[in-house]
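Right, one structure below, let's go through it.
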Amino acid sequence: MTDHNQKINYAGKCIRCGLCMSVCPVYQVSLDESDVARGKMALLDWEENHTRIKKSSRFKESISRCLLCGACAQICPNNVPTNICIQDVRQRIAPNIKEKLVMSSINTFSKKTRSGHIFRKSSSILQKCVGKKISENSGLSLRFPLSSMSHRRFVPKIQPAPFTSQYTQEAKSNVKILYFTGCGANFVYHQTALALTDILKKINLTPYVPEKQMCCGLPFYAAGDNHHAATLAKKNIDIIDEISPDILLTTCASCGAQIHQWENLLKNDSEYKGRASKIAHLQKDATSFLLENDQLTKNILWQCDTVAENIWYHHPCHMRWGETQLPVPKELFSPFERVNVIYSDNQCCGNGGKFQISHFDLSMKIFDQRMNTFKQQKIDRVLTSCTGCHLQFQEGLFQNNMNVPVMHPLEWLLHVTIV
Amino acid sequence: MKKQNQSILLKKSVLGQLKSITGKVMTAEADRRCYAYDATNMEYLPDAIIFPENEEQVSQILKLANDAEFPAIPRGSGSGLTGGALAVKGGLVVVMTRMNQILNIDMDNLVADVQPGVVTGIFHQRVQHLGLMYPPDPSSSAYSTLGGNVAECAGGPSAVKYGVTRDYVLGLNVVIPGGTILQTGVRTAKGVVGYDLTRLITGSEGTLGIITQITLKLLPKPKFTQTLTVFYPSMHQAAENVSEIIRQGLIPKTIEYLDHAAIDCMPRDFPGGIPSDAKAMLIIEIDGIPEQIDSESTQILELAKQYQAISTRKSENAAESNAIWKARKAISPALYKYAPDKINEDIVVPRSLIPEFVDKVDELRQATGLTMITFGHAGDGNIHFTVMLDKNDTEAKKKADIVIESIFDYTLSLGGTLSGEHGIGISKAAYLEKEINPQTLALMRQIKKAFDPKGILNPGKIFPGENS
Chain S
1 MTDHNQKINY AGKCIRCGLC MSVCPVYQVS LDESDVARGK MALLDWEENH
51 TRIKKSSRFK ESISRCLLCG ACAQICPNNV PTNICIQDVR QRIAPNIKEK
101 LVMSSINTFS KKTRSGHIFR KSSSILQKCV GKKISENSGL SLRFPLSSMS
151 HRRFVPKIQP APFTSQYTQE AKSNVKILYF TGCGANFVYH QTALALTDIL
201 KKINLTPYVP EKQMCCGLPF YAAGDNHHAA TLAKKNIDII DEISPDILLT
251 TCASCGAQIH QWENLLKNDS EYKGRASKIA HLQKDATSFL LENDQLTKNI
301 LWQCDTVAEN IWYHHPCHMR WGETQLPVPK ELFSPFERVN VIYSDNQCCG
351 NGGKFQISHF DLSMKIFDQR MNTFKQQKID RVLTSCTGCH LQFQEGLFQN
401 NMNVPVMHPL EWLLHVTIV
Chain U
1 MKKQNQSILL KKSVLGQLKS ITGKVMTAEA DRRCYAYDAT NMEYLPDAII
51 FPENEEQVSQ ILKLANDAEF PAIPRGSGSG LTGGALAVKG GLVVVMTRMN
101 QILNIDMDNL VADVQPGVVT GIFHQRVQHL GLMYPPDPSS SAYSTLGGNV
151 AECAGGPSAV KYGVTRDYVL GLNVVIPGGT ILQTGVRTAK GVVGYDLTRL
201 ITGSEGTLGI ITQITLKLLP KPKFTQTLTV FYPSMHQAAE NVSEIIRQGL
251 IPKTIEYLDH AAIDCMPRDF PGGIPSDAKA MLIIEIDGIP EQIDSESTQI
301 LELAKQYQAI STRKSENAAE SNAIWKARKA ISPALYKYAP DKINEDIVVP
351 RSLIPEFVDK VDELRQATGL TMITFGHAGD GNIHFTVMLD KNDTEAKKKA
401 DIVIESIFDY TLSLGGTLSG EHGIGISKAA YLEKEINPQT LALMRQIKKA
451 FDPKGILNPG KIFPGENS
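Protein chains in written order, with this note's numbering: chain S, 1 to 419; chain U, 1 to 468.
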């Protein structure tokens, strides 16, 4: 009850100044007040006094049309934690949002076209395979069966086995490093995980990569399923504490940010709350960690050279805002004179996890805002360090009929050190 | 503060006709809630919302509104501070944000044609990219629209040198109630043919017509800008210094001033630091060519010494200037640390009388014990006078109302005006008669009638006694 009251106060603190309009990726393509934070706060204010509003389809629609990118909360002059307010109301109306998500997938699935038939068939086969390969507890399980249902969508290649099951720790290093792969590197982007472990090897570090590690829980948290997100957090905390690392590395910005939410999720759990807080302090973005290592930067990396190329760098929202704020890693590229990096992409990619599935067209519109600049630049590759952004760029470029590779900065770094 | 208005003014048949104009009319309660407010944080529920995409649609909407006699309320981003975009009598909110094209930038004649929904900040970026400048810069420019800026005659910090929105509006396309499309003004530097309707409509707060196209004047962008910061032992000395700068014939781009309470709201990492005994501060910006900037900044810093400045600083680079402006813009929101509610007035006094005004504020502060903050555009005499209070504290609220009334009276006695850039709307309508005499006000009402005989366009605004 107290939590509920707290939420209302937050929404009530919004003074409707409108500053959030200047940063909201959804508002900037839709120009609809119900999409921007102050509109949503007005709706939450109203909901306080009119419970029937929860049944209103426009209300549910408005609450679902948020990327949780956090830009509005960051810029808010009155410090209204708008993203937390949205997550909170999603939690209260979670079944409805889920229902909508299932409906949207069924709609795609049941299109009565010939191609629809073929894809229904093939996707069910695919879904069976995927279902086996990706744990049901992974946030990715929410995404892939759905994305593979339509022939118009990009389908990432699922690895035959999780990275964690293939990895063996060859030697133990002085610093106890735990690598929290996240579902992206574990099930799809093995090359990211390999890049990190290979680069660490160059400086004689071998991380622990616990096979039983779970999804960070963000996709469930974002959908308002706090219960499941908290369960995953606890399982992860047990696994991490078993190793008791000195440092916890992440290669996905979203996992990194979610680890900082665990304490909040478990705030009523006296046993886990403190442990979650300790783990949050251990979390570090892998790229930042490597850039702080003199042995690596001076002796190995900066001795390398690479071909001239144009790189499009996308900074994930989960690094720009919130507890895990990190600057754009310009020092990663500065030694390479022939590499031209375009940093101007300072807008959300439009993925927002399930947002991309439930609001595909809107998500692509947000993505496409950068395409004019992108197309003028002759980009050789896209670098980004978040599974959601990675998927979104692959999807967005696929939709734009552009064949440009997307990868994690560490994958590029490894490639440079090999050249 | 929040008023409910459940009256359904729009019949089903009217909604059908509106839908046939633009293809979509919003009537769901959730949508109406999202267009019930503006930056005043007051709420008036409209009956429907429509998003015209061209002038012809606006014309059809205002023809229908006139025929069926329902209120039509033009709205840009809803960032106004006096309620100009609120549906105080219900009706149809006409949202102009989808008419957001920059139609033309004429580099040879320094003129631009824009639609009203263009966001001011986006326009700033576009013209700056071309080496040009559009000076009006309200603090909401990152999200406010040019149409809204013209309707309210928005200002900003550089008015001391570059004027306000009306100084850059050359011509307008305006749809008036009944659907007639007017074209006012010129595309040239001069023009005296007929009455100056452009100037009449600029600042008319959406009560005379809906702006559908704007011809704006542009300037070449000055090559360099220098930011100076000066701290003073008292507000009075800072204010005297501003007057002296102007008396000396120096016209900086900007002279912002901050009182003690405002300085306390700035971040601690302010470039050059903040002296502990600083009671007032000026931020002065000079633009032009390097030689002129050098000589003017030397002159200004010399003057500052004569007014017992505690410390002076020339910013060393653009990053430092940006940090200064970021700190300045952070003040307004940070004021909430004093109290949960804010009353903000934007009075203007003749520049030379700022010291008198500052003394008056001190006197009222001591008499009432209220938290009062003054900061703003000292260069043009536009002072953001703010009272921070808890509105649930009826005693404080009563005192604040009296303070505002006496501030207004004092401002007028100095030859000032009640609003420099926020407008009248509904927030200040009750005070209009203090400044405008009955004969003038009567003529204004006749002008409103000439444009809008049935009173359907943005009713209840500006004129006192109409918002019941």
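All residues carry an ideal CB built from backbone N, CA and C; glycine is no exception.
All of these numbers come straight from a predicted model, not from anything done at the bench.
Close partners of S427 of chain U in chain S (Cβ separation under 9 Å) are lacking, with about 14 Å as the shortest Cβ gap. Residues of the segment 77-110 of chain U that bring their beta carbon within less than 7 Å of a beta carbon in chain S comprise S77, G78, S79, T97 and R98, in sequence order.
Inclusion of A195 of chain S and L413 of chain S in the CB contact set at 8 Å is warranted, their separation being smaller than that value. Interface with chain U (8 Å Cβ-Cβ cutoff): N310 of chain S is excluded. With a beta-carbon spacing of about 6 Å, M42 of chain U and G83 of chain U fall inside the 8 Å limit used to define contacts. If you check the CB distance, V361 of chain U and I210 of chain U do not come in under 8 Å.
Going by beta carbons, P52 of chain U and T97 of chain U fall outside the 8 Å limit. Around the beta carbon of V307 of chain S, fewer than 16 other beta carbons lie within 10 angstroms, which makes this residue exposed. Within the segment 86-129 of chain U, the runs of alpha helix (DSSP H) at least 4 residues long that lie entirely inside it are, in chain order, 120-129. Any Cβ of chain U closer than 8 Å to the Cβ of G18 of chain S would place that residue at the interface, and such an atom is present. Using a 10 angstroms sphere on the CB of L103 of chain U, the tally of other CB atoms stays under 16, which defines it as exposed. The three-state reading of DSSP puts N41 of chain U in coil, since its state is none of H, G, I, E or B.
It is roughly 11 Å from the alpha-carbon of C153 of chain U to the alpha-carbon of S419 of chain U. Less than 8 Å separates the beta-carbon of A185 of chain S from that of T251 of chain S.
Of all residues in the segment 13-31 of chain U, the ones placed with a Cβ closer than 8 Å to any Cβ belonging to chain S are A28, E29, A30 and D31, in chain order. Of the residues assessed, T324 of chain S falls on the buried side of the cut-off, its CB having 16 or more other CB atoms within 10 angstroms. Annotated three-state conformation of Y232 of chain U is strand, per DSSP. By the neighbour-count criterion, in which a residue is buried when 16 or more other Cβ atoms sit within 10 angstroms of its Cβ, P438 of chain U is exposed. Look at the segment 231-308 of chain U and you find these whole runs of alpha helix (DSSP H), each 4 residues long or longer: 235-247, 260-263 and 290-306. Within 10 angstroms of the beta-carbon of R187 of chain U lie fewer than 16 other beta-carbons, which makes it exposed.
In the pairwise beta carbon analysis, the segment 158-170 of chain U is classified as touching the segment 129-141 of chain U: at least three pairs are separated by under 8 Å. DSSP, reduced to helix, strand and coil, places W312 of chain S within a strand of the structure shown. DSSP places V328 of chain S outside both helix and strand once states are collapsed to three, so it counts as coil. For A396 of chain U, the uninterrupted alpha helix (DSSP H) segment begins and ends at T394 to S413.
If you compare the alpha carbons of U:A261, U:L250, U:D31 and U:Q366 with that of A334 of chain U, the shortest gap goes to U:A261. For the pair L248 of chain S and V29 of chain S, the CB atoms are not nearer than the 8 Å cut-off. It is roughly 26 Å from the alpha-carbon of P350 of chain U to the alpha-carbon of D196 of chain U. Taking 8 Å as the threshold, the shortest C-beta distance from Y195 of chain U to chain S does not fall below it. Excluding five sequence positions before and after F355 of chain S, the CB atoms of its chain that fall closer than 7 Å to its own CB belong to L67 and S363, given in chain order.
Annotation for Q183 of chain U: the continuous beta strand (DSSP E) segment containing it runs I181 to G185. According to DSSP, Y208 of chain S shares a beta bridge with S:L178.
Just so you know, the alpha carbons of I407 of chain U and A396 of chain U end up roughly 16 Å apart.
Closer than 8 Å to the CB of A400 of chain U there is not a single CB belonging to chain S. Here the C-alpha atom of G465 of chain U lies approximately 19 Å from the C-alpha atom of I73 of chain U.
In this structure, DSSP gives I259 of chain S a helical state, which the three-state scheme calls helix. Nearest to R16 of chain S by C-alpha distance, out of S:Y10, S:M41 and S:V23, is S:M41.
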